[in-house]
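Take a look at the structure set out below.
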Amino acid sequence: MFGDPVTNPRGWETVELSEMLSIVSGQVDPQEAPYIDMPHIGGENIQANTGRINGVQTPREIGLQSGKYLFEPTDVLYSKIRPYLNKVVIPGFIGVCSADIYPLRVDKAKLNPQYLVYLLRSNTFLEYAEKHSARTNIPKINRPALLKFTSPYPPLNLQKKFSAIYDKVHSTNNQINHAVEDGNKLFNSLLQRAFRGEL
Numbered sequence: 781m782f783g784d785p786v787t788n789p790r791g792w793e794t795v796e797l798s799e800m801l802s803i804v805s806g807q808v809d810p811q812e813a814p815y816i817d818m819p820h821i822g823g824e825n826i827q828a829n830t831g832r833i834n835g836v837q838t839p840r841e842i843g844l845q846s847g848k849y850l851f852e853p854t855d856v857l858y859s860k861i862r863p864y865l866n867k868v869v870i871p872g873f874i875g876v877c878s879a880d881i882y883p884l885r886v887d888k889a890k891l892n893p894q895y896l897v898y899l900l901r902s903n904t905f906l907e908y909a910e911k912h913s914a915r916t917n918i919p920k921i922n923r924p925a926l927l928k929f930t931s932p933y934p935p936l937n938l939q940k941k942f943s944a945i946y947d948k949v950h951s952t953n954n955q956i957n958h959a960v961e962d963g964n965k966l967f968n969s970l971l972q973r974a975f976r977g978e979l
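Laid out in structure tokens, this is it:
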């Protein structure tokens with residue numbers, strides 16, 4: 781649908797991310813209402829490469845003290861630590877996230893959130909992020925570097941068409957994963973019954 785973002789075979793305009801989104805700034809106190817009882821997402825809650833969210837708790841439950849970022853349901857959460865882990869997700873709910881995550885808020889007149897997820901998970905961006913990661917013990921990409929990433933900019937109607945396809949594929953994938961989990965639970969249950977001589 782979009783072609784290779786490096787060769788840009790469709791000849792679309794190439795733009796920086798800074799022209800299509802902003803990174804949420806200004807932290808909130810997770811010990812204050814209403815933030816203390818909101819879902820909190822840290823890098824450890826985002827599964828690498830899949831965009832699944834696991835083990836979410838509230839600041840009250842975890843006892844969080846340091847400042848957090850408030851995110852909206854359609855923000856794209858990008859974990860800046862170890863970019864090669866490819867932790868990107870659209871939360872689908874309001875909450876707070878750790879300072880190790882960039883909440884990316886798109887200009888919806890220009891950019892579809894799910895297209896942004898696709899872009900950030902692409903090999904092109906992963907290579908860029910690795911190249912521009914700070915050379916420390918823990919690689920991370922800073923805000924200016926992320927915002928300066930350039931990519932071909934497809935028309936919004938194509939982005940929305942892609943988003944609809946993405947939703948269907950994502951839904952099917954979730955159904956498959958749930959079926960596998962249910963199958964594993966059934967297998968383990970039968971195995972335990974067999975061990976006890978109940979079968």
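Going by this note's numbering, 802 is the number at position 22 of the sequence shown; the sequence numbering is gapless.
Even for Gly, the Cβ is constructed at its ideal location relative to N, Cα and C.
When C-alpha distances from G872 are compared across R923, N825, P853, the shortest belongs to P853. Residue pairing by DSSP leaves I945 without any beta bridge partner.
Around the Cβ of A909, a 10 Å sphere holds 16 or more other Cβ atoms; the residue is buried. In the DSSP assignment, E796 falls within the beta strand (DSSP E) that extends over 794 to 796. Counting only the Cα atoms, A944 lies some 39 Å from G843. Sixteen is the threshold: when 16 or more other Cβ atoms of the shown chains lie within 10 Å of the Cβ of V868, as they do, the residue is buried.
In this structure, L899 places its C-beta atom within 8 Å of the C-beta atom of S931. In this structure, the alpha-carbon of A879 lies about 11 Å from that of V804.
Taking one beta carbon from each stretch, the segment 919 to 933 and the segment 854 to 867 have 3 or more pairs nearer than 8 Å; the two touch.
Membership of Y858 in any alpha helix (DSSP H) is not indicated; the residue belongs instead to the beta strand (DSSP E) covering 856 to 859. Its chain contains V886, D887, K890, L891 as the residues whose beta carbon lies nearer than 7 Å to that of M800, once the 5 sequence neighbours on both sides are disregarded; these appear in chain order. Within the same chain, L899, F929 come within 7 Å of F905 by CB-CB distance, once the 5 residues on both sides are set aside. Residue pairing by DSSP places R885 opposite S802 in a beta bridge.
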